[in-house]
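Peer 1: Following this message is one structure expressed as structure tokens.
In our numbering, the protein residues as written are 488 to 751.
In structure tokens:
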């Protein structure tokens with residue numbers, strides 16, 4: 488047996504490889520961190536990657552992104568709504584043949600994310616809370632605007648380009664495209680925000696209203712109606728890794744397009 492201090496997480500009493508006569512560091516799987524507030528779920532993998540960079544010299548690591556995690560849990564029949572449960576994390580560790588699993592929660596504010604790692608021993612399912620740490624967020628910076636406007640050339644003087652410009656303008660039918668994206672994840676988004684409200688998240692602290700990207704009035708009313716319906720439920724299921732990925736990708740694209748086209 489050998490102890491291993493993993494960025495403040497004490498990983499001890501782990502079995503050593505029987506094939507080796509000398510101590511070997513245990514294998515550890517690092518999963519995406521889960522948002523503890525209204526932080527974007529997609530940032531959980533970025534937090535995990537930055538955590539791995541802090542501890543990679545401590546021993547062999549197995550990284551498990553959202554896509555791989557969703558596939559593994561589906562294959563093993565694991566409950567995707569119980570990703571915070573130590574017994575589920577231990578089962579994931581056994582499937583990956585590692586001695587411990589690291590996951591945790593995070594909250595994002597401004598340019599930083601505050602993460603709270605949790606280490607679970609695969610053999611016992613025992614959870615161990617690690618010290619909080621901060622990492623910079625991956626914030627995309629928009630390209631600077633040109634200080635000199637390009638020359639104005641009437642389209643009629645360039646007939647061969649006229650149709651191309653019209654067909655490929657990034658904001659053409661932007662509202663329709665955004666609403667299609669939002670409609671595809673409407674219940675996931677409503678369930679996510681209902682879950683946040685049930686946890687006491689202060690909506691006034693959110694930078695923008697979660698329904699502000701929806702331009703169709705009927706779709707927006709349906710979105711808020713679904714949030715209300717979910718908040719009336721005794722238990723609101725957490726989004727599974729697959730659902731988090733689907734929700735995060737579609738909502739991120741809708742927000743990007745809304746900002747690009749001046750809708751948000």
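Each residue gets a CB set at the ideal place from its N, CA and C atoms; glycine is no exception.
Among the residues of its own chain, which have a CB less than 6 angstroms from the CB of residue 725, if the five just before and after it don't count?
Peer 2: Same-chain partners within the cutoff: 568.
Peer 1: Mind checking if residue 661 is an interface residue toward chain D, Cβ cutoff 8 angstroms exclusive?
Peer 2: The chain inventory of the structure shown lacks chain D, comprising one protein chain alone.
Peer 1: Would you tell me roughly how many angstroms separate the C-alpha atoms of residue 734 and residue 665, rounded to the nearest one?
Peer 2: The alpha-carbon atoms of residue 734 and residue 665 are separated by roughly 13 angstroms.
Peer 1: By Cβ distance below 6 angstroms, which residues in the same chain neighbour residue 524 in space, the five residues on each side in sequence not counted?
Peer 2: So the qualifying residues of the chain are 594, 688.
Peer 1: On the DSSP bridge list, what partners appear for residue 616?
Peer 2: Residue 616 is bridged to 605.
Peer 1: In whole angstroms, give me the CA-to-CA distance for residue 518 and residue 562.
Peer 2: Straight-line Cα distance between these residues: approximately 17 angstroms.
Peer 1: Roughly how many whole angstroms lie between the Cα atoms of residue 522 and residue 564?
Peer 2: Going by the C-alpha atoms only, they are around 23 angstroms apart.
Peer 1: Please report how far the alpha carbon of residue 560 lies from the alpha carbon of residue 658, in whole angstroms.
Peer 2: Taking the straight line joining both Cα atoms gives about 39 angstroms.
Peer 1: Using a Cβ-Cβ cut-off of 7 angstroms (strictly less than) and excluding sequence neighbours within five positions of residue 619, which residues of its own chain qualify?
Peer 2: Excluding positions up to five away in sequence, the list reads 601, 602, 603.
Peer 1: Under 8 angstroms, do residue 700 and residue 741 count as touching if we go by C-beta distance?
Peer 2: In contact: residue 700 and residue 741 (Cβ atoms closer than 8 angstroms).
Peer 1: Take residue 578 and list the residues in its own chain whose beta-carbon comes closer than 8 angstroms to its own, dropping the five residues that flank it on each side.
Peer 2: Once the five neighbours on either side are set aside, the close Cβ partners of residue 578 are 563, 565.
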